[in-house]
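If you use my numbering, the sequence shown corresponds to residues 495 to 926, in order.
Glycine included, each C-beta is placed from N, C-alpha and C at the ideal position.
Owing to the predicted nature of the structure, the values given are computational and were not obtained by experimental measurement.
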Amino acid sequence: MRLKIRYTFLLLLLGCLSAFQIFAQQRKEGMTGWKGKDRGEGEHINKILRCLQREELMNYTQLFPTVENMSRWIIEVSPPRSSAYQKAVFYLNKPELLHIMDTSIRNARKKEFNKMLHKAENIGLHWNKTLLLNYELERMKKTRDTVLEKIAPERFLGYVFVKDQVTDSVYCFTVSDLQMIKGNWYGGYLKNLFKAETKAEYEMQRMMEEKFYAKLAHHKTDSVNLVIDSLEDSRNDFIVARKYYEGTLDGYIPIELYIRYIKDTCAEDVCRYEALYKFGDNEDFISLRVSKKEKEWTFREDKYNAFMQLSLGKVKYTGIWNDPAEHIKYKAVLTELEELPEETKDLDAELDQAIVERMQAIANGEELDKDIEIERTEPLEQIQEQAESKKEIKSEIAPIKDKKEDKKKKDDKKKDKPKKERKEPTLIDDGL
Numbered sequence: 495m496r497l498k499i500r501y502t503f504l505l506l507l508l509g510c511l512s513a514f515q516i517f518a519q520q521r522k523e524g525m526t527g528w529k530g531k532d533r534g535e536g537e538h539i540n541k542i543l544r545c546l547q548r549e550e551l552m553n554y555t556q557l558f559p560t561v562e563n564m565s566r567w568i569i570e571v572s573p574p575r576s577s578a579y580q581k582a583v584f585y586l587n588k589p590e591l592l593h594i595m596d597t598s599i600r601n602a603r604k605k606e607f608n609k610m611l612h613k614a615e616n617i618g619l620h621w622n623k624t625l626l627l628n629y630e631l632e633r634m635k636k637t638r639d640t641v642l643e644k645i646a647p648e649r650f651l652g653y654v655f656v657k658d659q660v661t662d663s664v665y666c667f668t669v670s671d672l673q674m675i676k677g678n679w680y681g682g683y684l685k686n687l688f689k690a691e692t693k694a695e696y697e698m699q700r701m702m703e704e705k706f707y708a709k710l711a712h713h714k715t716d717s718v719n720l721v722i723d724s725l726e727d728s729r730n731d732f733i734v735a736r737k738y739y740e741g742t743l744d745g746y747i748p749i750e751l752y753i754r755y756i757k758d759t760c761a762e763d764v765c766r767y768e769a770l771y772k773f774g775d776n777e778d779f780i781s782l783r784v785s786k787k788e789k790e791w792t793f794r795e796d797k798y799n800a801f802m803q804l805s806l807g808k809v810k811y812t813g814i815w816n817d818p819a820e821h822i823k824y825k826a827v828l829t830e831l832e833e834l835p836e837e838t839k840d841l842d843a844e845l846d847q848a849i850v851e852r853m854q855a856i857a858n859g860e861e862l863d864k865d866i867e868i869e870r871t872e873p874l875e876q877i878q879e880q881a882e883s884k885k886e887i888k889s890e891i892a893p894i895k896d897k898k899e900d901k902k903k904k905d906d907k908k909k910d911k912p913k914k915e916r917k918e919p920t921l922i923d924d925g926l
């Protein structure tokens, strides 16, 4: 009897040791780039997977910090006079703004969550029948944003491998910006999902899919062009650069342009752009939506029809300003200032407010997302030549508040130039 008990105990002990070894191996496989640290990231990844398995959208959105918390953390690590500090204080003093931004962010998380569920259905993955096999973390590159690096110095891209017990197949999905903040784990943007057993297989399928959609987008018509959503992922937007330009339209109408370079959850150094500008006698800045293809930039007014198509050199923009409603085109030249003006501190708050107003309009159904990609049927150089040739025959001077005043300025400027007399037709010219 005693021998039988000892034998049973030995079997249980061997079983426990075997299970522990398997668990340790799985942990080791999932610890790439994070060895010797707290194992809390494993629990966090399990939370993300449970949300997908149970389709718990609200629990998924709660894995991310609120805008209020992010603002308080920014204040803790930023100098009081810095723009990041001032922006955070501005947010905290606007409860309604915090609510709007959190709502917008939850909607963005809902979009990516449902997209992941939909793709799983398309490729035959049963989330409720999945088992976690292992995961691998890759440390994300550091950004030039010192505030972000202070708040979340440890950020990872996670490759999570699961097994579908129904089909016995292995799938991999990725989560980006897993962040350790004050000893707790946050984030995990759901990025993509493929049937893959290794990172190499996942990346190969990801590249094939990107090429497919790039080719598809190339053949889309204007009515279904892809629109840049400047509201998505607002919580993780960080300004990596600010630039200020001054110049003229047609050589005499003053124009100023302020651009912010934004980094959020994409893999690039800059994910999108935000801008304001003013021209003529306008005292107020106008918010712009920005798109960019290599060195070609398009700036389109949020509430009006005017837009600019510009080419960027080393420090100078050149191109046209166009108002289709008024049938006006002007040649635009803007040069980057070496130092930012003091007023840019106020412009950040103004630009943030403009984005909030845009969010409110879209949320209320008052404004449809504008297609900021403007078809250019002619080369930019030809458009500039057309704008230059029409300069002397425009019936209106510029779309500013007081067009008569602007016309007077132009007329005064022309007085100093020798007038070209119109050549009268002669008998020879008339063919007589």
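With DSSP as the reference, label C765 as helix, strand or coil. The answer is coil: DSSP assigns C765 none of H, G, I, E or B.
When you compare the CB positions of K635 and C666, do they come within less than 9 Å of one another, or not? Their beta carbons are not under 9 Å apart, which means K635 does not touch C666 by this criterion.
Secondary structure at M634, three-state DSSP: helix, strand or coil? In the structure shown, M634 sits in coil (DSSP, three-state: anything other than H, G, I, E or B).
Here's the rule: buried if 16 or more other CB atoms are within 10 angstroms of the residue's CB, otherwise exposed. What is H538? With 16 or more other Cβ atoms within 10 Å, it is buried.
Report the rounded CA-to-CA distance for Q556 versus I594, giving the unit in angstroms. Cα-Cα distance, rounded: 16 Å.
Could you please give me the residues that DSSP links to R649 through a beta bridge? DSSP output for R649 lists Q673 as bridge partner(s).
Sort out for me which residues DSSP pairs F558 with in a bridge. Secondary-structure assignment with DSSP links F558 through no beta bridge to anything.
Using alpha carbons as the reference points, say which of T838, Y585, E535 and L841 lies closest to E562. Here the closest residue by C-alpha is Y585.
Just grab the DSSP bridge partners of A694 for me. Answer by DSSP bridge pairing: none, since A694 is not bridged.
Exposed or buried, what is G536 when buried is set at 16 or more other beta-carbons lying within 10 Å of its beta-carbon? G536 counts as buried, since at least 16 other C-beta atoms from the protein chains shown sit within 10 angstroms of its C-beta.
To the nearest angstrom, report how far apart Y739 and K609 are at their CA atoms. If you take the alpha carbons of Y739 and K609, they lie about 39 Å apart.
Since L743 and W815 should fall inside the 8 Å C-beta cutoff, what is the C-beta to C-beta distance between them, to a whole number of angstroms? About 5 Å separates the beta carbon of L743 from that of W815, a gap short enough to meet the 8 Å contact definition.
Could you tell me the distance, in whole angstroms, from the CA atom of V660 to the CA atom of H620? Cα-Cα distance, rounded: 7 Å.
Taking the Cβ atom as the reference point for each residue, do I542 and V669 lie within a distance shorter than 9 Å? For I542 and V669, yes; Cβs fall inside 9 Å.
Burial state of E704 (16 or more Cβ within 10 Å): Around the CB of E704, fewer than 16 other CB atoms lie within 10 Å, so the residue is classed as exposed.
Can you pull the DSSP bridge partners for C666? Paired residue(s): F655 and F688.
If I follow the unbroken alpha helix (DSSP H) through A800, where does it start and stop? Premise fails: A800 is in no alpha helix (DSSP H) and is neither H nor E.
Taking contact to mean at least 3 C-beta pairs separated by less than 8 Å, is the stretch 797-816 in contact with the stretch 675-688? The answer is no - the stretch 675-688 does not touch the stretch 797-816, with fewer than three Cβ pairs under 8 Å.
Y811 vs K786 beta-carbon contact at 9 Å: No, these two residues do not count as a Cβ contact at 9 Å.
Measuring only the C-alpha atoms, how far is G741 from Y771? Using only the alpha carbons, I get a separation of about 11 Å.
Which whole-angstrom value is the C-beta distance of T637 and V784, which I expect to be below 8 Å? In this structure T637 does not touch V784 by the C-beta definition: roughly 20 Å separates them, more than the 8 Å allowed.
Starting from I756, follow its DSSP beta bridges and name the residues at the other end. Partner(s): I733 and R766.
Taking its Cβ as the centre, do 16 or more other Cβ atoms sit within 10 Å of P559, making it buried, or is it exposed? Buried, by the Cβ-count rule.
For W567, which residues of its own chain have a beta-carbon under 6 Å away from its beta-carbon, when the five flanking residues on both sides are left out? Result list for W567: I645, in chain order.
Tell me, please, which residues DSSP counts as bridged to G813. Looking at the DSSP assignment, G813 forms a beta bridge with L804 and A826.
Nearest-angstrom Cβ-Cβ length linking K581 and D796, presumed shorter than 8 Å: Contact doesn't hold; Cβ gap of about 20 Å is too wide.
Nonlocal neighbours in the same chain, by C-beta distance under 7 Å from L592, ignoring five residues either side: These residues qualify, in order along the chain: V561, E562 and Y585.
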